[in-house]
Amino acid sequence: MTPFTLGAILLVGGRSTRLGGGFKPLLEVGGQTLLSRSVTAATDARCAPILVVGPELDPDAPVRWVREEPPFAGPAAGIAAAVSALDDGPGDEGVPEWMLVLAGDLPHVDRVAARLKTAACAAASGADGIVFTAGGHPQWLAGIYRTAALVAAVGAAGELTGASCRALLGGLDITWLADEDGITADIDTPADLARVRAAFEEEPVSESPRTLPPEALDEWALALRERFGLDAEDVPISLILDLARDVANGVARPAAPFSAFVAGLVAGRAGGTTEQVREAVAAVVELAGDWKES
688 MTPFTLGAIL LVGGRSTRLG GGFKPLLEVG GQTLLSRSVT AATDARCAPI
738 LVVGPELDPD APVRWVREEP PFAGPAAGIA AAVSALDDGP GDEGVPEWML
788 VLAGDLPHVD RVAARLKTAA CAAASGADGI VFTAGGHPQW LAGIYRTAAL
838 VAAVGAAGEL TGASCRALLG GLDITWLADE DGITADIDTP ADLARVRAAF
888 EEEPVSESPR TLPPEALDEW ALALRERFGL DAEDVPISLI LDLARDVANG
938 VARPAAPFSA FVAGLVAGRA GGTTEQVREA VAAVVELAGD WKES
């Protein structure tokens with residue numbers, strides 16, 4: 688069983704000119720800086736390595752800092768710098784199969800990363816990447832790409848200083864993922880920042896004692912794995928949670944738990960490999976989407 692491996696490239700080195708020069712990664716939203724939100728999202732997605740392209744803002748962050756040359760050369764140059772740094776990591780780090788590529792000014796970066804990881808887990812082989820679209824426009828910095836495809840794109844590119852992401856990534860075979868909830872909206876202006884901060888202040892906070900923080904959910908997953916002798920890749924938390932969400936939205940909330948059971952049953956009958964789990968989950972999600980539209 689081949690484990691799903693994932694790294695992350697976080698691009699935080701822009702000039703923030705439309706914000707009056709304020710450095711976006713250090714802006715606070717919902718009690719966290721945008722940098723902290725991005726690193727937390729990548730950590731929660733089990734990314735290794737996490738490469739942050741930009742000036743070193745937090746020496747204690749569990750990341751590797753990379754700088755494009757020259758500084759402020761643009762996101763395409765930043766991606767290339769991160770890809771080139773993959774071979775510079777510790778010997779036991781390895782090169783992951785997939786890389787999240789995320790802008791550093793996404794207030795909902797946790798949801799973006801989770802959706803992309805789930806989509807990649809369920810993806811059939813062949814596509815070079817999965818990228819969000821918003822209003823019909825590609826959101827190149829809200830995507831997940833096969834590392835081999837990124838390496839090939841960087842190798843084939845010419846001078847990338849000032850180049851667009853489309854110039855670097857536009858030749859890849861991309862599966863598009865529509866952003867129907869506005870989770871890829873970024874922060875470019877003071878008005879954007881004010882709107883996002885107001886929205887986070889208005890988000891309801893559940894008082895239910897049964898609401899688990901991510902670390903508690905991880906502890907429960909660990910307990911299940913130890914009890915039944917399972918490997919980490921046998922319990923894909925993000926994949927299962929997103930399946931439950933999609934079924935709850937497309938059919939009804941009570942349909943979510945037994946749909947997850949059915950997906951596991953189908954995958955088990957087929958042999959129980961990681962790929963068969965992904966295929967079963969994808970089939971259930973597709974059925975739920977069709978159900979919503981019917």
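My numbering puts the first residue of the sequence shown at 688, with every later residue one more than the last.
Just so it is clear, CB atoms sit at the ideal spot from N, CA and C, and this is done for glycine as well.
Quantities reported herein were computed from a predicted structural model and do not represent experimental measurements.
### Message
Let me make sure I understand the geometry here. Which of C734, A760, R853 and A931 has the alpha-carbon closest to that of P742?
### Response
What you label residue 742 is simply residue 55 of the sequence shown in a count that begins at 1. Taking only the C-alpha atoms, the option nearest P742 is A760.
#### Entry: Beta-bridge pairing of G822 - partner residues as DSSP gives them
Position 135 of the sequence shown, counting from 1, holds the residue named residue 822. Per DSSP, G822 has no beta-bridge partner at all.
### Query
If you run the structure through DSSP and keep just helix, strand and coil, what is G858?
In the sequence shown, residue 858 corresponds to position 171, counting from 1. Looking at G858 - three-state DSSP - the assignment turns out to be coil, as it is neither helix nor strand.
### Query
To the nearest whole angstrom, what separates the beta carbons of Q826 and T871, a pair I think is in contact under 8 Å?
As a first step, residue 826 is located in the sequence shown; it is residue number 139 there, counting from the start. As a first step, residue 871 is located in the sequence shown; it is residue number 184 there, counting from the start. Cβ-Cβ separation between Q826 and T871: approximately 5 Å, consistent with a contact (criterion under 8 Å).
### Task
Would you mind stating whether P746 and I737 have Cβ atoms separated by less than 8 Å?
Translated into positions along the sequence shown, residue 746 becomes position 59. Translated into positions along the sequence shown, residue 737 becomes position 50. With respect to I737, P746 sits apart: the two C-beta atoms are not nearer than 8 Å.
#### Entry: Inter-residue Cα distance where the pair is R940 and V934
What you label residue 940 is simply residue 253 of the sequence shown in a count that begins at 1. What you label residue 934 is simply residue 247 of the sequence shown in a count that begins at 1. Roughly 7 Å between the two C-alpha positions.
### Query
Alpha carbon to alpha carbon, what distance is there between V949 and M786?
For the purposes of this step, residue 786 is identified with residue 99 of the sequence shown, where counting begins at 1. For the purposes of this step, residue 949 is identified with residue 262 of the sequence shown, where counting begins at 1. Near 30 Å, if we compare the C-alpha coordinates of V949 and M786.
#### Entry: Buried or exposed (CB count within 10 angstroms, at least 16 for buried), A975
Working through the sequence shown from its first residue, we reach residue 975 at position 288. A975 is buried by the Cβ-count criterion.
### Query
Which same chain residues, not among the five before or five after A829, have their C-beta less than 6 Å away from its C-beta?
Locating residue 829 in the sequence shown gives position 142, where the first residue counts as 1. Within the same chain, Cβ atoms closer than 6 Å to the Cβ of A829 are found at V799, F819 and T871, the five residues on either side in sequence being excluded.
### Query
Taking one C-beta from the region 837 to 854 and one from the region 801 to 808 each time, how about it: are there three or more such pairs within less than 8 Å?
Proximity of the region 837 to 854 to the region 801 to 808 falls short of the contact definition, fewer than three beta-carbon pairs being nearer than 8 Å.
### Query
How about A947 and A970: do their beta carbons lie closer than 8 Å?
Here residue 947 refers to the residue found at position 260 when the sequence shown is read from its first residue. Here residue 970 refers to the residue found at position 283 when the sequence shown is read from its first residue. Judged by their CB atoms, A947 and A970 are not nearer to each other than the 8 Å cut-off.
### Cβ-based neighbour list, V938, same chain, cut-off 8 Å, excluding 5 preceding and 5 following
Numbered from its first residue, the sequence shown carries residue 938 at position 251. Spatial neighbours of V938 in its own chain (CB-CB distance under 8 Å, excluding positions within 5 residues in sequence) are listed in chain order as S946, A975, W978 and K979.
### Task
Could you tell me the distance, in whole angstroms, from the CA atom of K711 to the CA atom of L721?
Counting from one through the sequence shown, the residue named residue 711 turns up at place 24. Counting from one through the sequence shown, the residue named residue 721 turns up at place 34. If you take the alpha carbons of K711 and L721, they lie about 7 Å apart.
### Cβ neighbour criterion (16 or more within 10 Å) applied to E982
Absent from the model: residue 982. The displayed extent of the chain is 688 to 981, so no value can be given.
### Message
Taking only three categories from DSSP, how would you classify R914?
### Response
Translated into the one-based positions of the sequence shown, residue 914 becomes position 227. Look at R914 here: in three-state DSSP terms it is helix.
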